[in-house]
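Asks: My questions all concern the structure below.
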């Protein structure tokens, strides 16, 4: 209950604006009990970020696994972003937000955010490797995705997902063209392309 309430408050209003007294009020939990469960607000933030990490990984993986078309698997993260950007209450990346507010003062929070960004790039590398794309493609796609999230949050518009997807298509085509024998694998309509049942 505490983590769910803290998650909503932190994402909607920021990490520094929400204090333990407000969490006590929202959860109806005595402050002493709250501190017995969590010795500090940083401990609550740590658990909130862990939950967000699990949610992010589950959502992105589900989008990628929804197709077996190689090129679409690489672009799936941008399809996920398009839906997320249009959702009510979207305020950008919670990890970037937490780093912006607390990264300079909390080595723990900074480390969690860095690990999350690395995990995201590692996952994209796995997807890229699975379709025969060069390893250099993964960080490029990750940077596009991260930039789209930040731009969408600042502009309060969903178009950055579409724009980043279009840029990703160019990067994917260029990267696959450099791999001998793989130039058609990402294009399901091209001669010799691998379809879902291949």
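In full-length UniProt numbering, the protein residues as written are 1 to 198. The beta-carbon is built from N, C-alpha and C at its ideal position, and this holds for glycine as well.
#1: Could you tell me whether the stretch 146-164 touches the stretch 84-98, using the rule of 3 or more Cβ pairs below 8 Å?
#2: Cutting at 6 Å between CB atoms, please list the residues of its own chain near residue 145, excluding the five before and the five after it.
#3: Compute the Euclidean distance between the alpha carbons of residue 65 and residue 73, then round it to the nearest angstrom.
#4: State buried or exposed for residue 87, treating a residue as buried only when at least 16 other CB atoms are found within 10 Å of its CB.
#5: When you compare only the Cα positions, how much space is there between residue 5 and residue 123?
#6: Is it true that the CB of residue 108 sits closer than 7 Å to the CB of residue 15?
#7: Would you kindly work out how many angstroms separate the C-alpha atoms of residue 129 and residue 69, rounded to a whole number?
#8: Distance check for residue 135 and residue 30, CA to CA, integer angstroms please.
#9: Please look up how many angstroms separate the CB atoms of residue 3 and residue 46, rounded, as I've assumed it's under 8 Å.
#10: Thinking C-alpha only, which one of 49, 34 and 127 is nearest residue 115?
#11: What three-state label does DSSP hand residue 195 in the structure shown?
Replies: This is what the structure holds:
#1: yes
#2: 77
#3: 7 Å
#4: exposed
#5: 29 Å
#6: no
#7: 14 Å
#8: 51 Å
#9: Not a contact, Cβ separation roughly 10 Å.
#10: 49
#11: Only weak support is given to the placement of residue 195: the predicted model assigns it a pLDDT of 38, under 50, and the value that follows is read from those uncertain coordinates. Coil, per DSSP.
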